[in-house]
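Quick notes on the structure that follows.
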Amino acid sequence: MEDISLRVMTRELCRELYSGWENDPAIYMDMDKFAPYRYDEAAVDRYFDARQEPSRVLFAIMRDGKPIGELQLKGIDRESRECTLSIHMQNDAVKGRGYGTIAEKLALKYAFDTLGMTAVNADTVLKNTRSQHVLEKVGFKYLEEKDGFKYYRFTH
Ligand SMILES: CC(C)(COP(=O)(O)OP(=O)(O)OC[C@H]1O[C@@H](n2cnc3c(N)ncnc32)[C@H](O)[C@@H]1OP(=O)(O)O)[C@@H](O)C(=O)NCCC(=O)NCCS
Numbered sequence: 172m173e174d175i176s177l178r179v180m181t182r183e184l185c186r187e188l189y190s191g192w193e194n195d196p197a198i199y200m201d202m203d204k205f206a207p208y209r210y211d212e213a214a215v216d217r218y219f220d221a222r223q224e225p226s227r228v229l230f231a232i233m234r235d236g237k238p239i240g241e242l243q244l245k246g247i248d249r250e251s252r253e254c255t256l257s258i259h260m261q262n263d264a265v266k267g268r269g270y271g272t273i274a275e276k277l278a279l280k281y282a283f284d285t286l287g288m289t290a291v292n293a294d295t296v297l298k299n300t301r302s303q304h305v306l307e308k309v310g311f312k313y314l315e316e317k318d319g320f321k322y323y324r325f326t327h
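So the sequence shown is numbered by my numbering: it starts at 172 and just counts up by one.
Given below as structure tokens:
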């Protein structure tokens, strides 16, 4: 297995990641909102800048020194000590190869060991069975289905 790691996102990594990006229809509840991704450097820079905030850590998922996905720990609440995980691999070529599973495990370790969280939440649209499977595989517990989403939680 290749070397998979998480690296805190930089502007350069973000541009590199999104220059090879494909939107995945699995995350769209409403397919009218789906459109193929088109790279726009200024838009990527705005996206990156908007995510530099104390309640969020934006990671690049790295394989052998190259970004192959994005993972976020967001809504970091240092009082209740919980946050929410989201993940999206770069394109189909890097899905289904075990990388998302490794990245989620690394993110859980970071949330508990580095951020001192006691719980990590996640949610998926109903049709996203692949994401649901991976969340359950790494140990998230299914909580409930509500308003078109399935909710999960990993408690440390
Ligand atoms: C969801 C995602 C992060 C998972 O990462 P990944 O690297 O593709 O996943 P892995 O290869 O580690 O594991 C995939 C697992 O799902 C299983 N799987 C594949 N397609 C599936 C499907 N349609 N339904 C259920 N399980 C499925 C695989 O068999 C594998 O499980 P196994 O290891 O027990 O055999 C990635 O596919 C992705 O970025 N998808 C698009 C964005 C997205 O859905 N993000 C999550 C939003 S909540």
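Using N, Cα and C, we set each Cβ at its ideal position, and we do this for glycine too.
Nearest-angstrom Cα separation, counted from Glu224 out to Ile247: Counted from its first residue, the sequence shown places residue 247 at position 76. Counted from its first residue, the sequence shown places residue 224 at position 53. Cα-Cα distance, rounded: 10 Å.
Which residues in the same chain have their Cβ closer than 6 Å to the Cβ of Thr295, if we skip the five residues on either side of it in sequence? Within the sequence shown, numbered from 1, the residue matching residue 295 stands at position 124. So the qualifying residues of the chain are Ser302, Gln303, Lys321.
Straight-line CA distance for Met288 to Lys298? If you number the sequence shown from 1, residue 288 lands on position 117. If you number the sequence shown from 1, residue 298 lands on position 127. Distance between the alpha carbons of Met288 and Lys298: 29 Å.
Answer with buried or exposed for Gly269, where buried requires no fewer than 16 other C-beta atoms within 10 angstroms of its C-beta. Along the sequence shown, one-based indexing puts residue 269 at 98. By the neighbour-count definition (other C-beta atoms within 10 Å, threshold 16), Gly269 is an exposed residue.
Between Gly267 and ligand 1, is there a pair consisting of the residue's CB and a ligand heavy atom that are separated by less than 7 Å? Within the sequence shown, residue 267 is the residue found at index 96, counting from 1. Answer for Gly267: yes, Cβ within range of ligand 1.
Going straight from the alpha carbon of Ala274 to that of Ala282, what length do you get? By one-based count along the sequence shown, residue 274 stands at place 103. By one-based count along the sequence shown, residue 282 stands at place 111. Rounded to whole angstroms, Ala274 to Ala282 spans 12 Å at the Cα level.
Quick one: does the C-beta of Val202 sit closer than 7 Å to a heavy atom of ligand 1? Walking along the sequence shown from the start, residue 202 turns up at place 31. At residue 202 the sequence reads Met, which differs from the Val that was named. In this structure, Met202 has its CB at a distance of at least 7 Å from all heavy atoms of ligand 1.
Residues near Arg327 in its chain [Cβ-Cβ closer than 6 Å; skip 5 each side]: Working through the sequence shown from its first residue, we reach residue 327 at position 156. Reading off the sequence shown, one finds His at residue 327, where the question assumed Arg. So the list reads Phe283, Thr289, once near-sequence residues are dropped.
Determine the direct distance from the alpha carbon of Leu229 to that of Thr300, and round the result to whole angstroms. Counting from one through the sequence shown, the residue named residue 300 turns up at place 129. Counting from one through the sequence shown, the residue named residue 229 turns up at place 58. Taking the Cα positions, Thr300 is about 24 Å away from Leu229.
Can you tell me whether DSSP reads Glu173 as helix, strand or coil? In the sequence shown, the residue the question calls residue 173 occupies position 2. Judged by DSSP in its simplified three-state form, Glu173 adopts coil rather than helix or strand.
Expected contact under 8 Å - CB spacing of Leu244 and Cys254 to nearest Å: Position 73 of the sequence shown holds residue 244. Position 83 of the sequence shown holds residue 254. Yes, Leu244 and Cys254 are in contact; Cβ-Cβ is about 5 Å, under 8 Å.
By alpha-carbon positions, which one of Asn194, Ala278, Gly236, Lys266 ends up nearest to Gly310? The residue labelled residue 310 in the question sits at position 139 within the sequence shown. Taking only the C-alpha atoms, the option nearest Gly310 is Ala278.
Which full runs of the alpha helix (DSSP H) of 4+ residues lie inside the segment 212 to 299, going along the chain? Here the runs fully enclosed are 212 to 221, 270 to 280.
Which same chain residues end up closer than 7 Å to Asp318 when comparing Cβ atoms and leaving out the 5 residues on each side of it in sequence? Against the sequence shown, residue 318 aligns to sequence position 147. In its own chain, leaving out the 5 sequence neighbours on each side, no residue places its CB closer than 7 Å to the CB of Asp318.
For Gly271 and Ile258, believed in contact at Cβ under 8 Å, the rounded distance: Translated into the one-based positions of the sequence shown, residue 258 becomes position 87. Translated into the one-based positions of the sequence shown, residue 271 becomes position 100. Indeed they touch by this definition, with Cβ atoms about 6 Å apart.
Under three-state DSSP, which class holds Tyr208? To locate residue 208, count along the sequence shown from 1; it is residue 37. If DSSP states are grouped into helix, strand and coil, Tyr208 belongs with coil.
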